[in-house]
Amino acid sequence: MPKNSKVVKRELDDEVIESVKDLLSNEDSADDAFKKSELIVDVREEKDTDVEEESEVEDERPAWNSKLQYILAQVGFSVGLGNVWRFPYLCQKNGGESTHASKTENQLEESRDFLPTTMFRDILVYGAYLLPYLILLLVIGIPLFFLELSVGQRIRRGSIGVWNYISPKLGGIGFASCVVCFFVALYYNVIIGWSLFYFSQSFQQPLPWDQCPLVKNASHTLVEPECEKSSATTYYWYREALNISSSISESGGLNWKMTVCLLAAWVVVCLAMIKGIQSSGKIMYFSSLFPYVVLICFLIRALLLNGSIDGIRHMFTPELEIMLEPKVWREAAAQVFFALGLGFGGVIAFSSYNKRDNNCHFDAVLVSFINFFTSILATLVVFAVLGFKANVINEKCIAENSEMIIKLVKMGNISQDIIPHHINFSAVSVQDYHLVYDIIQKVKEEEFPALHLNSCQIEDELNKAVQGTGLAFIAFTEAMTHFPASPFWSVMFFLMLVNLGLGSMFGTIEGIITPIVDTFKVRKEILTVICCLLAFCIGLIFVQRSGNYFVTMFDDYSATLPLLIVVILENIAVSFVYGIDKFMEDLKDMLGFAPNRYYYYMWKYISPLMLLSLLIASIVNMGLSPPGYNAWIEDKASEEFLSYPTWGMVVCISLMVLAILPVPVVFIIRRCNLIDDSSGNLASVTYKRGRVLKEPINLEGDNASLIHGKISSEMSSPNFGKNIYRKQSGSPTLDTAPNGRYGIGYLMADMPDMPESDL
């Protein structure tokens, strides 16, 4: 026991050792029965008492200023960049490409003539992707999100404290969450840095990525060859912004522009997080709400532009049979899983600042569906803008090919007689061009490929599925160059990306800071500064000229499998180690009502099976997919898939191993007593109302038990506001958990008005 701990005596002077089981004895002023109990407190030293009381005041846990602030924080954490550049891609990818590509021109014209009917039909079958997503949201998303919210709220600690409390042998789950959060924060803030760079460059007319730059040689001026082979926005992204190297092995030195932007991003995160939720919570009002304002403005503006309806129509998938493909379900499950931020520890950290009786079930359902509808809104915006962009490119294609047809007619390669008389090539419509194109294709059947004419179908442009940085920094930036007042929309778009990224970063950093502060009682301000400074220094590898390839590596290997394993272990820890029946009783005690029996079956049977299936599918997919990255080749002005070098494969494997390593390490240490409990190290840390204590040595050989040296008649009872203990009447039987150790709950006094609570 720590030197300054109190020794509390009952009427029979029975000593009770403070343990982690008192962690959840929330300061509930309504429990008068315990307050009226006769207590004898042995204060050995007045000085120790003063120190203890002072510590109790200092260790008061901060709380959210309002329920709205808390909801915005959870929404800001769950709604991130993936909602904008991953979900729309999956909607298009999982169906639609082959369907739209295979439509004949007559079918396309028919769909344009009867657009309302077509859209209604497509909306009905849009469930080809949305239906699996919604099913998995109900089976995996909401139940596991509710689970993390409830354990964080009741135990009122970060991820380390929560899982150490549930079972000390599984305490490594919390450390694994922190490691994954740190890995993700390293590269996620780089993306915020990229957005800051584009934001700073958007205050120009025209936008700097609007046209290809010109280069001068000895005789004349010409367009930059690399830009001419690709496009203005592609060239600006790879050459001006990233100044990217040709492979991951070519470092190329630091990109000073992106280094400054990364530093600015970490300074913003540090200043926002330095006071914890008291500083970041206020910023959430802007960072969480502003993206919705921008998305709605973009949607309204895009709908007023030509071609936006074509883009929205394209997002609907008329192939119900695609639901039978396992890949669709795997990708939908992964999107649900990562969209809600499960396993990161941010959800647990934010909920730990809630009041004990907060309705976290309502919060789980609300935040999950806000996340879902945000994805739908973002998808509408993305495809409306891409539809407008495709329409602009299609008009340009028709104009260029019309000029080519005129030249072919003048050269005699095409007879003037086959061209309908009503067609005017100086102002040809889309329908007229397609009519001429079909006629020439039929007449010149054998010679047609040599004419090099393009069909100029808008669907061909929309079928070019893009996601991630390709969508945000290439496709979307190109679309905005055609917007009226393009600098304004560019500023709004990249400011939205910055806010979406910051909202997720706050939750990610909170998933690191809160557990460490709760565990080791370090100052939050100092820890935040050290964490951000360390992350910036390590993050310099992402702002080299080859940095984009490392971002891809970390995104592919540092989080996916480790997070899946973490959440599976979380589910197992609550459902089987602690006991699902006890957990349901705890929820009833905390919420004031019994959660629907649906969650019982989800947590115990369905969710673990679904998670294990997703894990196996992810491992198989990773094994079948060759490990590599898309490198930008300057000479070809295009991407080329390259395999990782040997050292790159070692780094990939190391990322996954390091992320999950704390789980077996802590388990072995706790299981085999490899570290002496009296040494004050990580393995012997436990909690009591915010104070770090040493775990008592377990003489019975059950390392999971935190009760030491007491007979069966001596058990600690809940601590309501103060260190209050009651002697059990009679000869009670020890309350044991399903794993055989002493239950997390307490042996309550024989009081009918006090329900049993295990948490």
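Quick note: the sequence shown uses our numbering, first residue -7, plus one each step.
The beta-carbon is built from N, C-alpha and C at its ideal position, and this holds for glycine as well.
This one's a predicted model, so the numbers in the text were calculated from it and none came from an experiment.
Alpha helix (DSSP H) segment containing residue i, residue limits
i: E438; result: That residue, E438, is in no alpha helix (DSSP H); it is neither H nor E in DSSP.
i: Y590; result: 589 to 593
i: S610; result: 599 to 616
i: N156; result: 151 to 158
i: Q203; result: Here Q203 belongs to no alpha helix (DSSP H), and DSSP marks it neither H nor E.
i: F498; result: 478 to 512
i: F342; result: 338 to 343
i: F79; result: 79 to 85
i: S646; result: 638 to 652
Extent of the continuous beta strand (DSSP E) run through residue i
i: N351; result: Per DSSP, N351 belongs to no beta strand (DSSP E) and is neither H nor E.
i: A623; result: 620 to 625
i: V215; result: 213 to 215
i: S635; result: 630 to 635
i: K208; result: 206 to 208
Simplified DSSP state of residue i, which is helix, strand or coil
i: K267; result: coil
i: W56; result: coil
i: G713; result: Its pLDDT being 36, under 50, G713 is placed unreliably in this model, and the value from its coordinates should be taken loosely. In the structure shown, G713 sits in coil (DSSP, three-state: anything other than H, G, I, E or B).
i: E517; result: helix
i: I411; result: coil
i: V71; result: coil
i: K456; result: coil
i: Q193; result: helix
i: L130; result: helix
i: Q449; result: coil
i: I32; result: Any answer about I32 is weak, because its pLDDT of 36 lies below 50 and its placement is not dependable; what the coordinates show is given next. Strand, per DSSP.
i: L246; result: strand
i: R113; result: Any reading at R113 must be qualified, since the residue scores a pLDDT of 41, below 50, and its modelled position is unreliable; the value itself is stated next. Three-state result, R113: helix.
Spatially closest choice to residue i from the options, by CA coordinates
i: N346; options: V642, I63, T638; result: I63
i: A391; options: M576, H426, I362; result: H426
i: L369; options: P80, A419, R53, L666; result: P80
i: F137; options: P124, E562, L606, R663; result: E562
i: L60; options: V215, N350, G164; result: N350
i: R146; options: E502, S238, F342; result: F342
i: V252; options: L234, F498, Q84, A264; result: L234
i: M472; options: H212, V207, T225; result: T225
i: V259; options: G303, G273, F498; result: F498
i: M315; options: T213, L126, L555; result: L126
i: A442; options: M396, V483, L263; result: M396
Distance between residue j and residue i (C-alpha atoms, nearest Å)
i: P507; j: E220; result: 52 Å
i: I598; j: M276; result: 34 Å
i: E451; j: V642; result: 42 Å
i: V566; j: M250; result: 43 Å
i: V374; j: Q459; result: 11 Å
i: V428; j: E438; result: 17 Å
i: I661; j: I505; result: 24 Å
i: L82; j: F69; result: 21 Å
i: L332; j: A326; result: 10 Å
i: G531; j: L255; result: 9 Å
i: V401; j: H414; result: 16 Å
i: S239; j: L494; result: 30 Å
i: Y118; j: P205; result: Residue placement at Y118 cannot be trusted, given a pLDDT of 45 that sits under 50; the coordinates are not used to answer.
i: I564; j: F282; result: 38 Å
i: G379; j: A168; result: 43 Å
i: S538; j: I611; result: 27 Å
i: G337; j: N209; result: 57 Å
i: Q66; j: I431; result: 58 Å
i: R753; j: A464; result: Absent from the model: residue 753. The displayed extent of the chain is -7 to 751, so no value can be given.
i: K161; j: F568; result: 14 Å
i: E517; j: A257; result: 18 Å
i: V71; j: F330; result: 10 Å
i: K513; j: P54; result: 14 Å
i: N808; j: P554; result: Residue 808 is absent from the structure shown; the chain starts at -7 and stops at 751.
Could you tell me whether the segment 353 to 367 touches the segment 127 to 137, where touching means 3 or more Cβ pairs closer than 8 Å? A contact exists between the segment 353 to 367 and the segment 127 to 137.
Cβ pair count under 8 Å reaching 3, the segment 184 to 193 against the segment 475 to 495: Output reads yes: the segment 475 to 495 touches the segment 184 to 193.
Count Cβ pairs between the segment 148 to 163 and the segment 588 to 604 that sit closer than 8 Å; are there 3 or more? Contact fails: fewer than three Cβ-Cβ distances are below 8 Å.
Three or more C-beta pairs below 8 Å linking the segment 543 to 550 and the segment 241 to 249: Verdict: no, contact absent.
Three-pair Cβ contact test at 8 Å for the segment 400 to 420 versus the segment 318 to 331: No, the segment 400 to 420 is not in contact with the segment 318 to 331.
Does the segment 292 to 308 come within contact of the segment 372 to 389, defined as at least 3 CB pairs closer than 8 Å? Verdict: yes, contact present.
Is the segment 163 to 177 close to the segment 641 to 655, with three or more CB pairs under 8 Å? Yes, since at least three Cβ pairs between the segment 163 to 177 and the segment 641 to 655 fall closer than 8 Å, the two stretches touch.
Looking at C-beta atoms only, is the number of pairs between the segment 194 to 204 and the segment 524 to 538 that lie closer than 8 Å three or more? At 8 Å Cβ cutoff, the stretches do not touch.
Pairs of beta-carbons, one from the segment 629 to 643 and one from the segment 611 to 621, closer than 8 Å: are there three or more? Flag = yes, the segment 629 to 643 and the segment 611 to 621 touch.
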